[in-house]
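Only one structure is covered here, and it is reproduced in the block below.
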Amino acid sequence: MNSGAPQASIVVFASGRGSNFRALCEAQKRGELPVKIEALVTNVCGAGACEIARAHGVRVIEVAHAGLKRAAHEEAVSKALSAVRADWLVLAGYMRLFTPAFIERYFDKRIGAARIVNIHPSLLPSFAGTDGYAQALRYGVKVTGVTVHLVGAGLDDGPIVAQRALEVRDDDTQESLMKRGLEIEHSLYVQALRDLVTKPWSIQTGRLDGGRPRVVFE
Ligand code: GRF
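Shown next, in the form of structure tokens:
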């Protein structure tokens, strides 16, 4: 796995249980994800993800959002990150929307997008927002899935990096669907991040006027 190239540094953002974060830490330890996990940022002090970080020796940066306006909270996050190397911000269940100004800070002209990546529990653009698995059940679809995408200025938009489908069974509950979905998330996120940091790719637009751009691997 070690090609001799300098490893990308990532900072993971999570607000909750942290199972995706755990999957990234474990894949990194197994040598399947050639990145350095520099820190975990959380807005929820005591979130499950913090325990996982400590167990894996990852520095925890807690910036509680309570009582802070969005911009002030982001300012505090940026300040905390100013001394941390971060080639990519990796959102893994981070339950806050970034302002366009924050996203702009991580914009990289060479790739034409911000260096921020997110995982979402649906086949975007379907079921953006919260509770992707619940939305799939509510709408009665037979297939849903998982999307990894670069973060754009709108809700769950930005160029799609990878997607994987998940069958919705007739007897699925929210719990059973989420359980199978999370298994997909954990492997898809590792694969998509590995591809982003190891393969050549570009963002391609314009298949149809106004179409959503996508990440294309060479
Ligand atoms: C996942 O379903 C992820 O797709 C969404 O938030 C959830 C986080 O779960 N963005 P976990 O904290 O990684 O277990």
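Take the sequence shown: its letters are residues -1 to 216, numbered as in my numbering. All residues carry an ideal CB built from backbone N, CA and C; glycine is no exception.
Quick one, are the C-beta atoms of residue i and residue j less than 7 Å apart?
i	j	result
Ala25	Gly91	no
Thr145	Gln133	no
Val9	Glu36	yes
His147	Val139	no
Leu218	Ala190	As shown, the chain starts at -1 and ends at 216. That puts residue 218 outside it, with no answer to give.
Val56	Ala74	no
Leu175	Tyr104	no
Label residue i either buried or exposed according to how many other C-beta atoms from any shown protein chain fall within 10 Å of its C-beta, with 16 as the threshold for buried.
i	result
Glu183	buried
Leu186	buried
Val82	exposed
Asp207	exposed
Ala64	exposed
Ala111	buried
Phe215	exposed
Leu38	buried
Tyr137	exposed
Pro198	exposed
Ser1	Confidence is the limiting factor: at Ser1 the pLDDT is only 48, short of 50, which leaves the residue's position unreliable, though a coordinate-based value still follows. The residue is exposed, with fewer than 16 neighbouring Cβ atoms inside 10 Å.
Cys48	buried
Thr203	exposed
Taking only three categories from DSSP, how would you classify residue i?
i	result
His63	coil
Gly143	strand
His118	strand
Ala112	strand
Ala190	helix
Phe19	helix
Thr196	helix
Arg178	helix
Lys107	coil
Asp25	Strictly speaking, residue 25 in this sequence is Ala, with Asp absent from that position. It is helical.
Got a sec, what are the start and stop residues for the alpha helix (DSSP H) residue i sits in?
i	result
Ala99	Pro98 to Arg103
Glu72	Arg68 to Leu79
Ala90	First-last for Ala90: undefined, no H or E at that position.
Ala6	Taken as a continuous stretch (DSSP letters only), Ala6 belongs to no alpha helix (DSSP H), being part of the beta strand (DSSP E) at Ala6 to Phe11.
Leu135	Gly130 to Tyr137
Going by DSSP, what residue range makes up the beta strand (DSSP E) through residue i?
i	result
Thr203	Unbroken run through Thr203: none, as it is neither H nor E.
Ala53	No beta strand (DSSP E) holds Ala53; the alpha helix (DSSP H) holding it covers Gly46 to Ala53.
So is residue i in contact with chain C if we call contact Cβ pairs under 7 Å?
i	result
Leu38	The displayed structure is made up of one protein chain only, and chain C is not part of it.
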